[in-house]
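**Student:** Under my numbering, residues -12 to 177 are what the sequence shown spells out, in order.
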Amino acid sequence: MDDGALVGGHVALDFANTTAWRLDVRRAADRVATPAALLDFAATTGLVEPLPEDRPAPDDEQAMRAVRRLRAALQHLLDAAVDDTPASPADLEAVRRAYLDAWRRAELTALPLHPEVRVTGTADLVHPLALAVVDLLSGPLDRLRRCAGPGCGWFFLDRSRNLSRRWCRSEDCGNRARARRHYARTTTDR
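Okay, structure coming up:
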């Protein structure tokens, strides 16, 4: 997985952003569509230790469905937070179920307490993801933003000094917006 795609500022936001072009149905793409891609994402974000290279990711469709269900609920909840609309009870329930299941499998580390879930393969990945999702959603969301790029829909925490960040990445969606503005100016000046 490309480290440049990790723009969220929190692993749960990067997880939500694993759907590229989320708001454009023609271009939408799942960046963790396979167990191997999901394991790569989890290792790249530091959510889990990389599994040995000689250990292939088993094709576990049930685990992938659980991950997709959690991601969809997270995306809906983040949209609700950004749009300042009520959260869907179904999405809250999906996160609650995943979180409680993760807690049943978690062990507490030494102080300060921190839940850890042992990951031995794809089937276990939904658990640390659920813990990360609740960690994000339990905190302040006043800096949560959604990229202003048409069709993008990626989320990020705006850590700019004056809270003016608009794009997932300036060199991607920001550059496209600047190019569109430049094109519009030059074509109307003729």
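Backbone N, C-alpha and C define an ideal beta-carbon position, used for all residues, glycine too.
These numbers were taken from a predicted model, which means no experiment stands behind them.
Got a sec, what are the start and stop residues for the beta strand (DSSP E) L61 sits in?
**Tutor:** No beta strand (DSSP E) contains L61, which is instead part of the alpha helix (DSSP H) from E48 to D70.
**Student:** In the DSSP assignment, find the unbroken alpha helix (DSSP H) run with L87 in it and report its ends.
**Tutor:** From DSSP, the alpha helix (DSSP H) with L87 extends over P76 to R92.
**Student:** Which residue's Cα is closest to the Cα of D27: L112, W141, C155 and L123?
**Tutor:** Taking only the C-alpha atoms, the option nearest D27 is L112.
**Student:** Among the residues of its own chain, which have a CB less than 8 Å from the CB of L190, if the five just before and after it don't count?
**Tutor:** Limits of the chain in this structure are -12 at one end and 177 at the other, which puts residue 190 out of reach.
**Student:** In this structure, does DSSP put A117 in helix, strand or coil?
**Tutor:** Helix.
**Student:** Let me know the secondary structure DSSP gives L150 once reduced to three states.
**Tutor:** Three-state DSSP puts L150 in coil, outside helix and strand.
**Student:** With three or more beta-carbon pairs closer than 8 Å as the criterion, would you say the segment 5 to 21 touches the segment 127 to 146?
**Tutor:** In short, these stretches touch, since the Cβ pair count reaches three.
**Student:** Can you look up D17 in the DSSP assignment and give me helix, strand or coil?
**Tutor:** D17: strand per DSSP, three-state reduction.
**Student:** What are the boundary residues of the beta strand (DSSP E) that includes L25?
**Tutor:** First-last for L25: P22 to T31, but that is the alpha helix (DSSP H), not the beta strand (DSSP E).
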